[in-house]
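Enquirer:
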Amino acid sequence: MDFLSFREVAPSQIREIIDLGFKLKEERKKRIFTPYLENRTLAMIFEKSSTRTRVSFEVGIKELGGYGIFLSSRDIQLGRGEPLRDTARVLSRMVDMVMIRTYGHDRLEEFARYSSIPVINGLTDLCHPVQLLADLMTMIEYKKFNWDDPKTTKVAYVGDGNNMAHSWAVLAGKLGFELRIATPPEYQIDPQIREIAEKFARESGAKLLFTEDPEEAVRGANVVTTDTWISMGQEEEKEERVAKFKKYQVNHRLLKLAEEGAILLHCLPAYRGYEVTEELFEEFAKVIFDEAENRLHAQKGLMVWIGNQSWK
């Protein structure tokens, strides 16, 4: 069973993963480490560097009784031109599960196609589903999402129509909560992703709004979230992007339009003074770092869930 995006996962399966994440979080608080994945090996391929993804997966697999192998593209033949399909077939003979953090989503899909073991999307340019598992856990903890009444959740995403925006759109469509995405006109989400999200929304009853007006998105929201304006590989566009995203900064003035008691989420790393002000970030630091911690618990839940599906 692969975990490549929310498109392939049913709402009931998302809930199973989240429930496992909470169970494992409670066990960890009591220093209980049940070896659910005893002697299983996770290979972690990083073509894009990371702090949270590497630490959470490496610690997570160890706490589950397994082993993690870190593989950067510089360390393996993949970085010297070996075909992706060959790497997939070799690793399938030697490890039990692979997590990939890469650029093009097509690379992830090709790897999964040739792999005979489970593959997890640690991030692609198209989507970042493991981050959204952590975000969903955090929303539940702060009572901003209820499985039995998802329509009470109103999320505002303000900023770049990137992989995070794509993941929010598909997740909202799947689970049935309200989502408003505000982006500059040149940086809207991928039209195909929007079409997929809207298809799911018609089935679940989710409300999706795509706008260029951040105030329209935030008004009445109970969760506000943003992401960096300059993702990895876009450094040369920094000056142009900063100018175009200026009015999409999440600050106190904008957040005042949200529902009283609304929370701010950020997937990190945060660039204070750009997508979010220093003051607002620090005001919601506890929520944001709870969210970061939940990467560990959500991904442990995901790995155990995949194990239950794959190795019965």
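Going letter by letter, the sequence shown gives residues 1426 to 1737 in my numbering. The beta-carbon is built from N, C-alpha and C at its ideal position, and this holds for glycine as well.
(1) Out of curiosity, what's the CA-to-CA distance linking Val1515 and Arg1499?
(2) Measuring CB to CB, does Leu1558 end up less than 8 Å from Ile1442?
(3) Figure out for me which residue from Ala1717, Arg1666, Glu1684 and Glu1535 has the closest Cα to the Cα of Glu1700.
(4) Using the Cα positions of Asp1574 and Gly1601, report the straight-line distance between them to the nearest angstrom.
(5) Could you please give the first and the last residue of the uninterrupted beta strand (DSSP E) stretch that includes Val1539?
(6) Ordered along the chain, which non-local residues of its own chain (more than five positions away) have a Cβ less than 6 Å from that of Gln1734?
(7) Using the Cβ count rule (16 or more neighbours within 10 Å means buried), how would you classify Glu1488?
(8) What whole-angstrom Cβ distance do Gly1529 and Thr1512 have, given they're in contact under 8 Å?
(9) Which residues in the same chain as Arg1477 place their Cβ atom closer than 7 Å to its Cβ, once the five residues preceding and following it in sequence are excluded?
(10) Here's a check: name, in chain order, each residue in its chain whose Cβ is nearer than 6 Å to the Cβ of Lys1599, leaving out the five neighbours to either side.
(11) If we ignore side chains and look at the alpha-carbon of each, how far apart do Trp1736 and Met1522 end up?
(12) So which of Glu1685, Thr1563 and Trp1654 has the shortest CA-CA distance to Glu1611?
(13) Please report the residue range of the alpha helix (DSSP H) in which Gly1515 lies.
(14) Ignore the nearest five residues each way along the sequence and tell me which others in Ala1468's own chain have a CB closer than 7 Å to its CB.
(15) Mind checking whether Leu1633 and Leu1604 have CB atoms under 8 Å apart?
(16) Run through the segment 1444-1484 for me and flag every whole beta strand (DSSP E) of 3 or more residues, listed as ranges in chain order.
(17) If you reduce the DSSP assignment to three classes, tell me which class Val1434 lands in.
(18) Roughly how many angstroms lie between the CA atoms of Gln1502 and Gln1674, to the nearest whole one?
(19) Can you find at least 3 beta carbon pairs, one from the segment 1577-1588 and one from the segment 1534-1553, that sit closer than 8 Å?
(20) Would you call Ala1622 buried or exposed, if buried means 16 or more other Cβ atoms sit within 10 Å of its Cβ?
(21) Alpha carbon to alpha carbon, what distance is there between His1691 and Leu1705?
(22) In chain order, what residues of the same chain have a beta carbon less than 8 Å from the beta carbon of Lys1473, not counting five sequence neighbours either side?
(23) Taking Ala1581 as part of the beta strand (DSSP E), name the residues at either end of that continuous run.
Expert: Quick answer:
(1) Rounded to the nearest whole angstrom, the C-alpha separation of Val1515 and Arg1499 is 17 Å.
(2) Cβ distance < 8 Å, so Leu1558 and Ile1442 count as in contact.
(3) Nearest Cα to Glu1700 within the set Ala1717, Arg1666, Glu1684 and Glu1535: Arg1666.
(4) When rounded, the distance between both Cα atoms is 9 Å.
(5) Note on residue identity: the sequence assigns Tyr, not Val, to residue 1539. That residue, Tyr1539, is in no beta strand (DSSP E); its alpha helix (DSSP H) goes His1530 to Tyr1539.
(6) These residues qualify, in order along the chain: Met1426.
(7) Residue burial annotation: Glu1488 is buried, with at least 16 other C-beta atoms found within 10 angstroms of its C-beta.
(8) Rounded to the nearest angstrom, the Cβ distance from Gly1529 to Thr1512 is 15 Å, too far for a contact under 8 Å.
(9) For Arg1477, same chain residues with a beta-carbon under 7 Å away, outside a window of 5 residues either side, are Leu1693, Ala1717 and Arg1720 in chain order.
(10) Excluding five sequence positions before and after Lys1599, the CB atoms of its chain that fall closer than 6 Å to its own CB belong to Phe1431, Pro1436 and Phe1625, given in chain order.
(11) Each residue's CA atom was taken as its position, placing Trp1736 and Met1522 some 11 Å apart.
(12) The option with the nearest alpha carbon to Glu1611 is Trp1654.
(13) The residue you asked about is not Gly; residue 1515 is Val in the sequence shown. Per DSSP, Val1515 is one residue of the alpha helix (DSSP H) stretching across Leu1509 to Met1519.
(14) Excluding residues within five positions, the ones whose Cβ falls inside 7 Å are Ile1494, Leu1496, Leu1516, Val1520 and Val1523.
(15) Using a Cβ distance threshold of 8 Å, Leu1633 and Leu1604 count as a contacting pair.
(16) The DSSP assignment places complete beta strand (DSSP E) segments of no fewer than 3 residues inside the segment 1444-1484 at 1466-1471, in order along the chain.
(17) Secondary structure at Val1434: coil, using DSSP grouped into helix, strand and coil.
(18) Straight-line Cα distance between these residues: approximately 42 Å.
(19) Contact holds: three or more Cβ-Cβ distances are below 8 Å.
(20) Residue environment for Ala1622: buried (at least 16 other C-beta atoms within 10 angstroms of its C-beta).
(21) Those two C-alpha atoms are separated by around 11 Å.
(22) Sequence-distant partners of Lys1473 (beyond 5 residues in either direction) whose C-beta falls short of 8 Å from its own C-beta, in its chain, are Arg1526, Thr1527, Tyr1528, Leu1548 and Met1657.
(23) The continuous beta strand (DSSP E) containing Ala1581 extends over residues Lys1579 to Val1583.
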